[in-house]
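The structure appears right after this line, and notes come after that.
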Amino acid sequence: MKKQLLFILLFLPAFLTAKEIRYFVQPGEILDLSENAFERHGIKVSEIDSVSMSGSFTFSIKVRSHARELGEKALITNKKNNIPNEAGIWIGTQDNGSWIVHFCDGKNTPWEYRPTALRQPINDDKWHTC
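The number in my numbering is simply the position in the sequence shown, starting from 1, with 19 added.
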C-alpha cells in the first residue's frame with residue numbers, strides 16, 4: 020500500500036499536466052535506496068523520448084531519508100560520477116546529511132548548490148520535495 024501511495028504521489032503531477040503519459044517505473048519498482056531495501060539499485064532510463072529538451076520543463080521528486088543513511092548518493096542524474104566539469108545534472112545527497120544540486124553544460128563554469136545539514140537536512144526522516 021505504501022509503495023502504491025508513493026507511486027501516486029510521484030506521478031500525480033504528470034497525470035494532471037501531461038497529454039501522453041509514459042511509464043518508466045512500475046508500482047512494484049519504486050526506488051528504495053535505504054539500508055532496509057532488499058535490493059538497492061538505481062533504475063536506469065536509457066532514453067526519454069516524451070520530453071523535449073529544446074524548451075522549458077519541470078520535474079520534482081519526493082525524498083525521505085534517515086539519519087543513519089549518510090553518503091553521497093545520486094537521486095536524479097544523467098552523469099556516471101559527480102565530476103564538476105562533466106556536462107549534466109546531479110541531484111543527490113551529500114556526506115553531511117544535506118542535499119546537492121549541480122548543473123553543468125560542459126563548457127561554462129558549473130553551478131552547484133551545497134547547503135549545510137544544519138540549514139537544509141535531507142536525512143531527518145521527513146518527506147522533502149526537490
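Every residue gets a Cβ at the ideal spot worked out from N, C-alpha and C, and that includes glycine.
All values reported here derive from a predicted model rather than from experimental measurement.
C-alpha distance - residue i paired with residue j, whole-angstrom precision
i: residue 130; j: residue 101; result: 12 Å
i: residue 147; j: residue 128; result: 28 Å
i: residue 81; j: residue 135; result: 19 Å
i: residue 145; j: residue 139; result: 12 Å
i: residue 149; j: residue 109; result: 12 Å
i: residue 95; j: residue 121; result: 11 Å
For residue i, three-class secondary structure by DSSP
i: residue 92; result: strand
i: residue 83; result: strand
i: residue 134; result: coil
i: residue 46; result: Its pLDDT being 45, under 50, residue 46 is placed unreliably in this model, and the coordinates cannot settle the point.
i: residue 141; result: coil
i: residue 112; result: strand
Run of the beta strand (DSSP E) containing residue i, from where it starts to where it stops
i: residue 121; result: 118-123
i: residue 102; result: Looking at the DSSP string, residue 102 is not in any beta strand (DSSP E), and its letter there is neither H nor E.
i: residue 128; result: Residue 128 -> no beta strand (DSSP E), and no H or E assigned at all.
i: residue 148; result: 146-148
Cβ separation of residue i and residue j, assumed to be a contact under 8 Å, to the nearest whole Å
i: residue 104; j: residue 123; result: 6 Å
i: residue 119; j: residue 132; result: 7 Å
i: residue 89; j: residue 114; result: 6 Å
i: residue 93; j: residue 116; result: Incorrect: roughly 16 Å between the Cβ atoms, too far for contact.
i: residue 111; j: residue 91; result: 6 Å
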